[in-house]
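Below: one structure, written as structure tokens.
There are 2 protein chains.
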Amino acid sequence: MAPPAQMCLVNNGDSINAAAVRMVMKEAAPPHSASLLDADEFRRLGHQVIDFIAYYAGMGSYPVHPSVTPGFLRRALPADAPSRPAEHDAFAAALRDVRDHILPGLTHWQSPRHFAHFPASSSTAAALGEALTDGINVVPFTWAASPAATELEMVVTDWLGKALHLPESLLFCGGGGGTLLGTSCEAILCALVTARERKLAEIGSKRIGDLVVYCSDQTHFALRKAIPTHRDRMFALSPADLGAAMRADADAGLVPLFLCATIGTTQTSVDPVRELCAVVAAHGAWSHVDAVYAGSALVCPEFRHLADGAEAVDSFSMNAHKWLLANTDCLRQPALLVAGLGTEQEYILKDAAAEGHDIVDYKDWSVTLTRRFRALKLWLVLRCYGVEGLRDHVRSHVRMAAAFENMVRADERFEVVTVRQFSLVCFRLRPLPEKLGSEKEANELNRRLLEEVNGTRSGPYMRSAKVGGIYMLRCAVGSTLTEERHVTEAWRVVQDRAAELLGKMEITNGVVA
Amino acid sequence: MAPPAQMCLVNNGDSINAAAVRMVMKEAAPPHSASLLDADEFRRLGHQVIDFIAYYAGMGSYPVHPSVTPGFLRRALPADAPSRPAEHDAFAAALRDVRDHILPGLTHWQSPRHFAHFPASSSTAAALGEALTDGINVVPFTWAASPAATELEMVVTDWLGKALHLPESLLFCGGGGGTLLGTSCEAILCALVTARERKLAEIGSKRIGDLVVYCSDQTHFALRKAIPTHRDRMFALSPADLGAAMRADADAGLVPLFLCATIGTTQTSVDPVRELCAVVAAHGAWSHVDAVYAGSALVCPEFRHLADGAEAVDSFSMNAHKWLLANTDCLRQPALLVAGLGTEQEYILKDAAAEGHDIVDYKDWSVTLTRRFRALKLWLVLRCYGVEGLRDHVRSHVRMAAAFENMVRADERFEVVTVRQFSLVCFRLRPLPEKLGSEKEANELNRRLLEEVNGTRSGPYMRSAKVGGIYMLRCAVGSTLTEERHVTEAWRVVQDRAAELLGKMEITNGVVA
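Heads up: the sequence lines are chains C and L, in that order. For the first sequence, this note's numbering gives the first residue as 1, with consecutive numbering after it. For the second sequence, this note's numbering gives the first residue as 514, with consecutive numbering after it.
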């Protein structure tokens, strides 16, 4: 069955063109206890789901972002779960609900025209790796609880660390080691707790109130208090500013605890790792590098220098699910100490088989006990595409972003606000003093531009950022399905909307109406 | 293709009987950038993966727990990821690796003879729901980031809350609300942070060092300091003991902050929620109920009384992935306040569409920003099986556990240590004073019994617990594939191993050799 060349996904909550999906909705026996995990039933329904996803992946010209209002789905669905499903084939009926009620209300992150936030790149190997993981469904919280799952996680974190050119001190092969957590918030939390325990062991737990954590105002959401950055340093954290803050705190009797430096903020600024680590080391604090988005770019030797100095960091985290084809819920690589997080109890006591061996129980590497077999997916991605395949992928997005950047630069009405380093372009309509008067008006104009761009039904979907008082549009290239034509077309839509907006302003005498 | 009636999965690292899997390994084109997410390629490989999982689910007589030693897989795999996969069809080669190297080293949680830890129950709807989630791959961290995903999460947490007979005050329909997090550790952490912020707002943040958290020594790992429980109360937390502890702390100038009560500990004790909440309320502290395992049983009216008094709790969490057919990474239901965890920044500012509406941005309900579309899976499970289907499932396991319990009770060499409430039986060989002398020897004997039971290649796989100084074997019935014959056979293996062990002891004059 070939995918429909085009499909009609209406966003007003009405049903989408149903013909294509109907093909995969065959008859099924009603589920009953004995068939909850029956192999034949699984195979039959599984093929339907695969066809359904393939159909979804084949969509091209639907709106990326739905025009729905809050409550649309809650009103459409019953207030209670069914007692017994009414339908003969409840699974097929459920797939119809997905098609008619759920898909039309999603923001389609896999769309080639999704340029918002950061990408959630997917791939066939990742999506099927996930399906395989869930089919096997083991819980490797200790080595014994599923030995191959723990060992595969050790193998792939080393594989990935090497592919990213990370120092061996962070890898198992160099005495460190990595783990796969759900999100970077969790990774930072783990590093923070470990740093705290290390410091309190040194200075006594009574001084917990004196500990100070540092980051720039561009750091990940998980951390809130911040040292300001400035446009003239491209919003990177200044080692001098950090040093001054740490000295002042130490003089006031406080204890510098933790620095979170970032490689690739939401505006893709890159903090100078080597210089910052030197400042941190002087105060005996913990240095963590958060490379959630841009860490993926380290697979390419041309980006390797951005992690210079990483051999001095205590921990490092990145997301394979943002840009390395390994869809959501994949990867971090912190070299954590078990001391801060370990548990030991009879219920999960080490196996006899493990006695005398230096094993890894990943439950001690995170805040969670239950965990998924995440390594299988990442292994499949690395195994099937290879490091060179990932490089090709990253480079193709960087190329497309560079092309978009060049188009922005060639239009004098626009400016690129921060230097593009990866595949994200932050840009805006220039403030025109003679027309707009102030930054505030420029911000308002760009806010309206984004609204217009996203209001184009077959157009791109972008989001904004506000840094140093400047409102900018963000074009984040990163969907696996994005091709050059999507980028070119996205820019054309931006130009058209801008022309229309500026035209209207001229009529109303330069005042944003 | 019918699943192989039987397969041979050898645990020594050698390849398993390959004929069946080979059938699903067809030729494939080499992956290249353009085909990373190609619909046809996805469909072709997807069908292979579904057949592979169906084959895995159809396995019956393989060892549940592998006899491997640490390092077995790391030694078998290359030290680096491939640069370019050597094979023409890398995906098929990877599936062969799964079959030959990874499956033989897993502990098979889905085996009908897996009675260890707590179950990780799966079902066709859940596993395929997960596959569907990963195929769609959206990131609903705000309402706008994928509206239908957020709304479906609101719908299913209400559905589930009602199915569990929870008070409406914890549901959206009653002014509360639920969210789906990765693990219960995360749920407890969120509740704890929220409780802390609420209390510090009241007493001032300088007193952070005075806050005290309470739980029993049977509480979940996420919490460590504990009030002792005793066998005569079936290891439930005593309200009198809690009250005394809180009073003593308050008298000493400390501030009672948080109680974590448990419905169904690892030994399935149940804390008296109503009485404990009354104690907590008197001190203005936060009460959280952790019903990670036994929360699933609340779908059955006959277990509903265990949550009596829950209308007074501040938050509640449970796992659908343990016993409600919704495999790993599914559900908690805390009614959290956003205050402690919320973030607000231009980058993820509310959509125009959401303005003026009281929307839920789930990023503010957890420690993580990135999150999966977890609601789809749980919705599929509830939609396809219905509340009655879940009841059938829970009751069938409770019946099997009761049968196991009766068999234990009928053998006077054994005793059931804690009263069985759900589908977990904690039992041991009785200490025989005239032969064994002490509890310590009884513990050693039971430890050896477990080793013998788990050493039976085609036998059951159980784990142990040690509570109040008593080492006990845990038979946790909960695999979706478990039938009565597996339970009967498991008991026969236990009896046989016990007879052999006791026989050896008689020969050596009552001393454990």
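Quick reminder that beta carbons are idealized off the backbone N, C-alpha and C, glycines included. Every value quoted in this text rests on a predicted model; they were computed, and no experiment measured them.
Please decide whether residue 999(L) counts as near chain C, where near means a Cβ-Cβ distance under 9 angstroms. Taking the first residue of the second sequence as 1, we reach residue 999(L) at position 486. Not closer than 9 angstroms to any Cβ of chain C, the Cβ of residue 999(L) fails to qualify, so no.
Looking at C-beta atoms only, is the number of pairs between the region 121-139 of chain C and the region 279-290 of chain C that lie closer than 8 angstroms three or more? no
When the Cβ atoms of the region 115-125 of chain C are set against those of the region 561-572 of chain L, are three or more pairs found closer than 8 angstroms? no
Simplified DSSP state of residue 989(L), which is helix, strand or coil: As a working mapping, residue 989(L) is identified with position 476 in the second sequence. Correct three-state label for residue 989(L): strand.
By DSSP's criteria, residue 316(C) is part of a beta bridge. Which residues make up the other side? Indexing the first sequence from 1 puts residue 316(C) at position 316. DSSP output for residue 316(C) lists 289(C) as bridge partner(s).
Proximity below 9 angstroms, CB of residue 790(L) to CB of residue 782(L): Translated into positions along the second sequence, residue 790(L) becomes position 277. Translated into positions along the second sequence, residue 782(L) becomes position 269. No. Outside cutoff.
Quick check on this structure: which residue in 495(C), 213(C), 210(C), 43(C) has the alpha carbon closest to the alpha carbon of residue 413(C)? Position 413 of the first sequence, counting from 1, holds the residue named residue 413(C). Looking at the Cα atoms, 495(C) is the closest of the given residues.
Tell me the residue span of the alpha helix (DSSP H) that contains residue 966(L). Counting from 1 along the second sequence, the entry for residue 966(L) is found at position 453. First-last of the alpha helix (DSSP H) with residue 966(L): 952-967.
Could you list the residues in the region 582-593 of chain L with a C-beta less than 8 angstroms from some C-beta on chain C, going in chain order? Taking 8 angstroms as the cut-off between beta carbons, the residues of the region 582-593 of chain L near chain C are 582, 583, 584, 585, 586, 587, 590, 592, 593, in sequence order.
With 7 angstroms as the limit, tell me which residues of the region 711-733 of chain L have their beta carbon closer than that to any beta carbon of chain C; keep them in chain order. 721, 722
Please list the segments of the alpha helix (DSSP H) lying wholly inside the region 736-823 of chain L, counting only runs of 4 or more residues, in order along the chain. Within the region 736-823 of chain L, the complete alpha helix (DSSP H) runs of at least 4 residues are 752-764, 786-795.
Quick one: does residue 951(L) have its CB under 9 angstroms from some CB of chain C? By one-based count along the second sequence, residue 951(L) stands at place 438. No, no contact with chain C.
Okay, do the region 949-959 of chain L and the region 974-987 of chain L touch, 3+ Cβ pairs below 8 angstroms being the bar? yes
If you draw a straight line from the C-alpha of residue 914(L) to the C-alpha of residue 667(L), how long is it? Here the question's residue 914(L) lines up with position 401 in the second sequence. Here the question's residue 667(L) lines up with position 154 in the second sequence. For residue 914(L) and residue 667(L), the distance between alpha carbons rounds to 34 angstroms.
C-beta neighbour in chain L for residue 335(C), strict 9 angstroms: In the first sequence, residue 335(C) corresponds to position 335, counting from 1. In this prediction, residue 335(C) has a pLDDT of 38, which is less than 50 and means its spatial position is unreliable; what the coordinates show is noted afterwards. False, the Cβ-Cβ gap to chain L never drops below 9 angstroms.
Contacting residues, own chain, Cβ-Cβ under 6 angstroms from residue 213(C) (five flanking each side not counted): As a first step, residue 213(C) must be located in the first sequence, where it is residue number 213. Correct list, in chain order: 257, 258.
Do we get a CB-CB distance below 9 angstroms when we pair residue 993(L) with the residues of chain C? Working through the second sequence from its first residue, we reach residue 993(L) at position 480. Answer yes: the Cβ-Cβ gap between residue 993(L) and chain C drops below 9 angstroms somewhere.
Cβ neighbours of residue 766(L) in the same chain (closer than 7 angstroms, five flanking residues each side left out): By 1-based counting over the second sequence, the position of residue 766(L) is 253. So the list reads 723, once near-sequence residues are dropped.
Check the Cβ-Cβ distances between residue 425(C) and every residue of chain L, and say whether any is below 9 angstroms. As a first step, residue 425(C) must be located in the first sequence, where it is residue number 425. No, residue 425(C) lies away from the interface with chain L (no Cβ there is under 9 angstroms from its Cβ).
Interface positions of the region 179-200 of chain C facing chain L (Cβ-Cβ less than 8 angstroms), listed along the chain: Listed by position, the residues of the region 179-200 of chain C near chain L (Cβ gap below 8 angstroms) are 182, 183, 184, 185, 186, 189.
Counting pairs of Cβ atoms below 8 angstroms between the region 619-626 of chain L and the region 964-974 of chain L, do you hit three or more? yes
Thinking just about the alpha-carbon of each residue, which of 91(C), 118(C), 133(C) is nearest to the one in residue 621(L)? Here residue 621(L) refers to the residue found at position 108 when the second sequence is read from its first residue. For residue 621(L), the nearest C-alpha among the options comes from 133(C).
At a cut-off of 8 angstroms, is residue 307(C) close to the ligand GDP when judged by its beta-carbon and the heavy atoms of the ligand? Of the ligands one can find in the structure shown there are none, so the ligand GDP has no counterpart to examine.
Considering only the beta carbon of each residue, do residue 318(C) and residue 184(C) sit closer than 9 angstroms? In the first sequence, residue 318(C) corresponds to position 318, counting from 1. In the first sequence, residue 184(C) corresponds to position 184, counting from 1. Going by C-beta atoms, residue 318(C) is nearer than 9 angstroms to residue 184(C).
Closest residue to residue 1010(L) among 967(L), 648(L), 828(L) (Cα-Cα distance): Translated into the one-based positions of the second sequence, residue 1010(L) becomes position 497. Checked all of 967(L), 648(L), 828(L); the closest Cα to residue 1010(L) is 967(L).
Under a three-way DSSP split, which group does residue 108(C) fall into? Reading the first sequence from its first residue, position 108 is the one you call residue 108(C). Three-state result, residue 108(C): coil.
Considering only C-alpha positions, which residue in the set 173(C), 102(C), 264(C) is nearest to residue 424(C)? As a working note, residue 424(C) is residue 424 in the first sequence. It is 264(C) whose Cα lies nearest to the Cα of residue 424(C).
So if I threshold CB-CB distances at 9 angstroms, which residues from the region 641-662 of chain L count as touching chain C? 641, 642, 643, 644, 645, 646, 647, 648, 649, 650, 651, 652, 653, 654, 656, 657, 658, 659, 660, 661, 662
In three-state terms, what does DSSP make of residue 729(L)? For this step, residue 729(L) is matched to residue 216 along the second sequence. DSSP places residue 729(L) in strand when its eight states are reduced to three.
Taking 9 angstroms as the CB-CB cut-off, is residue 1014(L) touching chain C? Sequence index remark: in the second sequence, residue 1014(L) carries index 501 (1-based). False, the Cβ-Cβ gap to chain C never drops below 9 angstroms.
Nearest by alpha-carbon distance to residue 492(C): which of 360(C), 408(C), 314(C), 298(C) is it? Here residue 492(C) refers to the residue found at position 492 when the first sequence is read from its first residue. Nearest to residue 492(C) by alpha-carbon distance, out of 360(C), 408(C), 314(C), 298(C), is 408(C).
Kindly indicate the opening and closing residues of the alpha helix (DSSP H) around residue 395(C). The residue you call residue 395(C) lines up with position 395 of the first sequence. 375-409 is the span of the alpha helix (DSSP H), which, as asked, contains residue 395(C).
Per DSSP, residue 114(C) is paired with what? Position 114 of the first sequence, counted from the start, is the residue given in the question as residue 114(C). According to DSSP, which records beta bridges pairwise, residue 114(C) is partnered with 461(C).
Could you check the C-alpha separation between residue 719(L) and residue 87(C) for me, to the nearest Å? Numbered from its first residue, the second sequence carries residue 719(L) at position 206. Numbered from its first residue, the first sequence carries residue 87(C) at position 87. Those two C-alpha atoms are separated by around 59 angstroms.
DSSP puts residue 940(L) in a beta bridge; with which residues? One-based indexing of the second sequence puts residue 940(L) at position 427. In DSSP, residue 940(L) forms a bridge with 929(L), 986(L).
Who are the neighbours of residue 555(L) on chain C, taking C-beta pairs under 8 angstroms? Translated into the one-based positions of the second sequence, residue 555(L) becomes position 42. Ordered by position in chain C, the residues that pass the 8 angstroms Cβ test against residue 555(L) are 50, 53, 54, 57, 124, 127, 128.
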